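Numbering (the numbering used here), first residue to last: 4 to 302.
Note that CB positions come from ideal geometry on N, CA and C, so glycine has one too.
Bear in mind the structure is a predicted one, so any value in this text is a computation, not a measurement.
Inspection log for the structure reproduced underneath, given as structure tokens.
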Amino acid sequence: MPRLREISEIVETLDLESWDERARTNMAAAPVDALEDGKVLYFPRLAFALSGNETRFLSPGAVNPGAKNVSFDSKTGAVKHARGSETDIAAITAMMRRYSDAAAALVTRLFPQYAQDLVRGRTSFRPVEISGRETSPRKDDTRLHVDAFPSSPVGRRRILRVFTNVNPGTQSRHWRLGDRFEKVAQTFVPAVSKPLPGSAWLMKSVGITKGERTQYDHLMLNIHDTMKSRDDYQRDVVQNEFHFPPGSTWIVFTDQVSHAAMGGQHLFEQTFYLPVHAMANEQKSPLRVLERATGRALV
Ligand code: SIN
Ligand code: FE
Numbered sequence: 004m005p006r007l008r009e010i011s012e013i014v015e016t017l018d019l020e021s022w023d024e025r026a027r028t029n030m031a032a033a034p035v036d037a038l039e040d041g042k043v044l045y046f047p048r049l050a051f052a053l054s055g056n057e058t059r060f061l062s063p064g065a066v067n068p069g070a071k072n073v074s075f076d077s078k079t080g081a082v083k084h085a086r087g088s089e090t091d092i093a094a095i096t097a098m099m100r101r102y103s104d105a106a107a108a109l110v111t112r113l114f115p116q117y118a119q120d121l122v123r124g125r126t127s128f129r130p131v132e133i134s135g136r137e138t139s140p141r142k143d144d145t146r147l148h149v150d151a152f153p154s155s156p157v158g159r160r161r162i163l164r165v166f167t168n169v170n171p172g173t174q175s176r177h178w179r180l181g182d183r184f185e186k187v188a189q190t191f192v193p194a195v196s197k198p199l200p201g202s203a204w205l206m207k208s209v210g211i212t213k214g215e216r217t218q219y220d221h222l223m224l225n226i227h228d229t230m231k232s233r234d235d236y237q238r239d240v241v242q243n244e245f246h247f248p249p250g251s252t253w254i255v256f257t258d259q260v261s262h263a264a265m266g267g268q269h270l271f272e273q274t275f276y277l278p279v280h281a282m283a284n285e286q287k288s289p290l291r292v293l294e295r296a297t298g299r300a301l302v
């Protein structure tokens, strides 16, 4: 049996019932400090309401076969992998835009100091059950990992995500939460070799990456892949199970918090990017932690 962490080190609960009300909290620290410390901010009663007409999209049939989620870009209005008639797809798009706007209102309210620098990324709707899905270890999100994107380097930016379980029944989103990022860095940094000289430029010029893969991105991808590939680490590392029930929302820096999604169906997720300089304390960012661990600048 792996060791457990104190739940108070992992999750901070906030009692919010609407996306645009001010948070009532009895937290010792400000929400931004808890978030930057690598805690999950958890809103057990913050639900995302769907209309009667929208609940019919809570079905794997709303996604193209082969895809896991519908993805929406609020900047362009483009929606990918949605399945249905033109009217259905327009309704799915409208539902995702509403979630995206709600999530943006929530984070700007909770973290006013981020508002100016926060960039909205993709919105994702996940109506497919997680457990039992076949994938390669690298793509397997039931293994503990920190998020890192192979084709979209983040450089100096953090990955902040808002999740809401919209399951119409009683099924929770079942996660595992792993070790602190400092420990993850200690465990995996020594094994990572430097990228080959010229490889970042090459991947950019042939279109493997959108923009240059920095040394930070290289290191994070290696940590992501190595963590997922090691069965002993997955089994033995300190970790806790957490069940996010239907009608709950949570916010996480997923580049920092070691997480695995074990089961669940019907989820909304909104990604944001935040430059490290906009943090209350950028020394807590994975970028700065890894720079201290390696003793060199990584971007
Ligand atoms: C992940 O970010 O690893 C997956 C989260 C989820 O779908 O619950
Ligand atoms: Fe992830």
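| Query | Result |
| --- | --- |
| From the DSSP output, in three-state form, read off Asn-170 for me. | coil |
| Would His-177 and Gly-266 qualify as a contact pair, given that the criterion is a beta-carbon distance under 7 Å? | yes |
| From the DSSP secondary-structure annotation, give me the bridge partner or partners of Arg-101. | Looking at the DSSP assignment, Arg-101 forms no beta bridge with any residue, so it has no partner. |
| Can the beta-carbon of Arg-216 be found less than 7 Å from the beta-carbon of Ala-203? | yes |
| With Ile-10 as the anchor, note down where its alpha helix (DSSP H) starts and where it stops. | 10-13 |
| Once you ignore the five residues that flank Thr-257 on each side, which residues in its own chain have a CB closer than 6 Å to its CB? | Asp-150, Ile-162, Arg-164 |
| Rounded to the nearest angstrom, how far is the Cβ of Phe-271 from that of Leu-121, given a contact under 8 Å? | Not confirmed; about 18 Å, so no contact. |
| Check whether the Cβ atoms of Phe-51 and Thr-167 sit closer than 7 Å, and answer yes or no. | yes |
| Could you tell me whether the Cβ atoms of Gln-268 and Pro-289 are closer together than 7 Å? | no |
| What residues are listed by DSSP as bridge partners for Asn-56? | For Asn-56, which the question treats as bridged, DSSP gives no partner whatsoever. |
| Just mark Arg-6 as buried or exposed, buried being the case when its beta carbon has 16 or more other beta carbons within 10 Å. | exposed |
| Between the region 68-76 and the region 124-142, can you find at least three pairs of beta-carbon atoms closer than 8 Å? | yes |
| What does Glu-272 pair with, by DSSP beta-bridge criteria? | Ser-127, Phe-166 |
| Can the beta-carbon of Arg-48 be found less than 7 Å from the beta-carbon of Glu-20? | yes |
| Does DSSP classify Pro-278 as helix, strand or coil? | strand |
| Quick one, what's near the ligand FE if you take every residue whose CB is closer than 6 Å to any heavy atom, in chain order? | Asp-144, His-148, Asp-150, Thr-257, His-262 |
| Between which two residues does the beta strand (DSSP E) containing Trp-178 stretch? | 176-180 |
| Measuring CA to CA, which of Tyr-117, Ala-97, Leu-17, Asn-56 is closest to Phe-46? | Leu-17 |
| What is the residue span of the alpha helix (DSSP H) that Trp-253 lies within? | Here Trp-253 belongs to no alpha helix (DSSP H); instead the beta strand (DSSP E) covers 252-256. |
| Answer yes or no: the CB of Arg-176 versus the heavy atoms of the ligand SIN, is any distance below 6 Å? | yes |
| Any heavy atom of the ligand SIN inside 6 Å of the beta-carbon of Ala-70? | no |
| Rounding to the nearest angstrom, what Cα-Cα distance links Met-4 and Pro-248 in this structure? | 25 Å |
| Tell me which residue opens and which closes the beta strand (DSSP E) that Val-82 is part of. | 81-83 |
| Leaving out five residues before and five after Arg-159 in sequence, what residues of the same chain have Cβ atoms less than 6 Å from its Cβ? | Pro-278, Val-279, Val-302 |
| Identify every residue that forms a DSSP beta bridge with Tyr-45. | Thr-16, Trp-253 |
| Helix, strand or coil, according to DSSP, for Phe-75 in the structure here? | strand |
| Shortest alpha-carbon distance to Ser-261 belongs to which of Gln-273, Tyr-236, Ala-283, Glu-285? | Tyr-236 |
| Using CA atoms only, rank isn't needed, just tell me which of Arg-136, His-221, Gln-286, Ala-296 is closest to Val-157. | His-221 |
| Decide if Arg-136 is buried, meaning its Cβ has at least 16 other Cβ atoms within 10 Å, or exposed. | exposed |
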